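Peer 1: Be aware that the sequence shown starts at 105, since it is given in our numbering, and climbs by one per residue.
For every residue, glycine included, the Cβ atom is placed at its ideal position computed from N, Cα and C.
Computed from a prediction, not measured in an experiment: that's the story for all the values here.
Quick one: the structure is below, and I'll ask about it shortly.
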Amino acid sequence: MTRYLEYIKKAGVLIEALPYIQRFRAKIIVVKMGGSVLENPEDFESALRDIVFLECIGCKPVIVHGGGKAISSRLKESGIETRFIDGLRYSCEKTIAVVDDVLHNEMNIKIVDAINDFGGKAASLSGKTMLKAEPLDEKYGFVGDVCEVDIAQIKKLHEAEIVPVITPLAVGPDSQIYNINADTAASRIAEGLQTQGEEVAKIVFLSDVPGLLRNPEDEGSLITTLKVDEIPALIEQGIISGGMVPKVESAVHALNTGCRKVHLIDARLQHSLLLEIFTDQGVGTQITH
């Protein structure tokens with residue numbers, strides 16, 4: 105019997121996952137991949153193999169990706185200053201051109217090719233063809249919020265069992281391209297799917313931090329569960345600050361528009377996406393009402 109113990113243990117893992125597989129089968133899971141995930145080969149491969157697994161068992165992943173580090177690097181090479189205001193990248197016309205090129209021709213293609221190489225099926229979707237933008241304050245430059253989502257392309261790909269990989273750009277009423285914070289884009293896409301009859305089980309934000317920390321210097325200070333009504337006080341205390349602010353605000357918006365749960369998890373933990381969705385314990389920070 106002892107020679108079977110390893111296999112029995114593996115079977116036990118599958119059995120633990122079974123109720124979650126049944127619960128999330130045919131449900132949409134929106135995954136926002138931060139630019140930091142795309143820069144680390146091990147984290148990148150782990151996350152995308154998880155995506156392939158999700159698609160294989162009948163879930164409907166939607167990937168919305170950033171590209172922050174690669175964009176900042178290209179801007180520096182081009183002699184364009186990188187500035188952030190309230191956690192958002194200031195975007196002039198030159199910045200928008202760089203953002204568009206990096207997101208589509210580097211990040212998006214990289215994700216699609218990797219998923220296909222790992223035995224899944226993925227296709228590129230430009231936010232410019234499916235997202236309408238509402239400009240934010242002029243102090244941010246050409247940065248907007250999403251006011252309309254055309255989900256037809258997403259539905260078409262899901263019907264063909266293909267994972268949509270979406271760039272966070274949108275077109276405004278003036279036909280100008282607007283940079284959309286990727287966290288915001290993921291939230292608005294989830295909202296668009298929900299309001300047009302699709303069921304979004306959860307949104308998962310993948311980055312290079314364990315989740316929300318009370319002390320950014322202490323990973324042991326992880327907040328495992330966060331209620332929406334606790335968020336204003338944490339922002340006031342500075343516990344939620346910088347780029348975490350639009351992330352958490354996007355999470356709240358998603359919850360208020362029908363998404364059941366939002367998770368902030370660490371892509372540096374191998375297969376963290378599967379651990380969050382298919383185990384009793386989960387990982388990272390869960391945000392709920």
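Between which two residues does the alpha helix (DSSP H) carrying Ala115 extend?
Peer 2: For the purposes of this step, residue 115 is taken as the residue at position 11 of the sequence shown. Unbroken alpha helix (DSSP H) run through Ala115: Leu109 to Phe128.
Peer 1: If you draw a straight line from the alpha carbon of Glu149 to that of Met234, how long is it in whole angstroms?
Peer 2: Taking the sequence shown and counting its residues from 1, the one referred to as residue 149 is at position 45. Taking the sequence shown and counting its residues from 1, the one referred to as residue 234 is at position 130. Approximately 27 angstroms between the Cα atoms of the pair.
Peer 1: Using only the alpha-carbon positions, how far apart do Glu265 and Thr186 sit?
Peer 2: Within the sequence shown, numbered from 1, the residue matching residue 265 stands at position 161. Within the sequence shown, numbered from 1, the residue matching residue 186 stands at position 82. Rounded to the nearest angstrom, the two C-alpha atoms are 38 angstroms apart.
Peer 1: Using a Cβ-Cβ cutoff of less than 7 angstroms, which residues in the same chain neighbour Asp254 once the five nearest sequence positions on both sides are dropped?
Peer 2: For the purposes of this step, residue 254 is taken as the residue at position 150 of the sequence shown. Excluding sequence neighbours, Asp254 sits near Met234.
Peer 1: In terms of residue numbering, what span does the beta strand (DSSP E) encompassing His169 cover?
Peer 2: Stepping through the sequence shown from its first residue, residue 169 is reached at position 65. Segment Lys164 to His169, the beta strand (DSSP E) holding His169.
Peer 1: Which of the three DSSP states, helix, strand or coil, is assigned to Ser345?
Peer 2: The count along the sequence shown starts at 1 and reaches residue 345 at position 241. In this structure, Ser345 counts as coil in the three-state DSSP scheme.
Peer 1: Report the option in Ile184, Pro123 and Phe188 whose CA atom is closest to the CA atom of Ala201.
Peer 2: For the purposes of this step, residue 201 is identified with residue 97 of the sequence shown, where counting begins at 1. When each option's Cα is compared against that of Ala201, the closest is Ile184.
Peer 1: On a Cα-Cα basis, can you pick out the residue from Ser345, Asp312, Asn319 and Glu353 that is closest to Lys331?
Peer 2: Translated into positions along the sequence shown, residue 331 becomes position 227. If we check each option's Cα against that of Lys331, Glu353 comes out closest.
Peer 1: Which parts of the stretch 168-237 are runs of the beta strand (DSSP E), unbroken and 3 residues or longer, counting only runs that do not cross its ends?
Peer 2: Entirely contained in the stretch 168-237, the beta strand (DSSP E) runs reaching 3 residues are, in chain order, 226-230.
Peer 1: Are Ile133 and Lys306 close, meaning C-beta to C-beta below 7 angstroms?
Peer 2: Position 29 of the sequence shown, counted from the start, is the residue given in the question as residue 133. Position 202 of the sequence shown, counted from the start, is the residue given in the question as residue 306. In contact: Ile133 and Lys306 (Cβ atoms closer than 7 angstroms).
Peer 1: Below 7 angstroms between beta carbons: does that hold for Gly139 and Gly170?
Peer 2: The sequence position of residue 139 within the sequence shown is 35, counting from 1. The sequence position of residue 170 within the sequence shown is 66, counting from 1. In this structure, Gly170 lies closer than 7 angstroms to Gly139 by Cβ.
Peer 1: Can you tell me whether Phe128 is buried or exposed, with buried defined as 16 or more other CB within 10 angstroms of its CB?
Peer 2: Here residue 128 is taken as the residue at index 24 of the sequence shown, counted from 1. So Phe128 counts as buried.
Peer 1: In this structure, how does DSSP classify Asp147 when only helix, strand and coil are distinguished?
Peer 2: As a first step, residue 147 is located in the sequence shown; it is residue number 43 there, counting from the start. Residue state, collapsed to three classes: helix.
Peer 1: Which residue comes first and which comes last in the beta strand (DSSP E) that contains Lys331?
Peer 2: Walking along the sequence shown from the start, residue 331 turns up at place 227. Where Lys331 is concerned, the enclosing beta strand (DSSP E) stretches over Thr329 to Lys331.
Peer 1: When you compare the stretch 175-182 with the stretch 316-329, are there three or more beta-carbon pairs, one atom per stretch, that lie closer than 8 angstroms?
Peer 2: Touching, no, given that fewer than three Cβ pairs across the two stretches are closer than 8 angstroms.
Peer 1: Where do the ends of the beta strand (DSSP E) carrying Pro268 lie?
Peer 2: For the purposes of this step, residue 268 is taken as residue 164 along the sequence shown, with counting starting at 1. Start and end: Val267 to Thr271.
Peer 1: Take the Cβ of Asp205 as the centre, count every other Cβ of all protein chains shown within 10 Å, and call the residue buried at 16 or more, exposed below.
Peer 2: Counted from its first residue, the sequence shown places residue 205 at position 101. So Asp205 counts as exposed.
Peer 1: Let me check understanding here. Comparing Cα to Cα, which of Glu146, Pro123, Glu252 and Thr271 lies closest to Val168?
Peer 2: Taking the sequence shown and counting its residues from 1, one reaches residue 168 at position 64. Cα-wise, what sits closest to Val168 is Thr271.
Peer 1: Just to confirm my understanding: we take Gly315, look at its own chain, exclude 5 residues before and 5 after, and list those with CB closer than 6 angstroms. What are they?
Peer 2: The residue given as residue 315 occupies position 211 in the sequence shown. For Gly315, where only same-chain residues beyond five positions count, the Cβ hits under 6 angstroms are Leu326, Leu368, Gly388 and Thr389.
Peer 1: May I ask which residues mark the beginning and end of the beta strand (DSSP E) holding Leu310?
Peer 2: Stepping through the sequence shown from its first residue, residue 310 is reached at position 206. Residues Val304 to Ser311.
Peer 1: Which same chain residues, not among the five before or five after Ile343, have their C-beta less than 7 angstroms away from its C-beta?
Peer 2: One-based indexing of the sequence shown puts residue 343 at position 239. Result list for Ile343: Arg318, in chain order.
Peer 1: Express the C-alpha separation of Ala358 and Glu295 in angstroms, rounding to a whole number.
Peer 2: For the purposes of this step, residue 295 is taken as the residue at position 191 of the sequence shown. For the purposes of this step, residue 358 is taken as the residue at position 254 of the sequence shown. Going by the C-alpha atoms only, they are around 6 angstroms apart.
Peer 1: Rounding to the nearest angstrom, what Cα-Cα distance links Pro350 and Asp278 in this structure?
Peer 2: Your numbering for residue 350 matches position 246 in the sequence shown. Your numbering for residue 278 matches position 174 in the sequence shown. Rounded to whole angstroms, Pro350 to Asp278 spans 25 angstroms at the Cα level.
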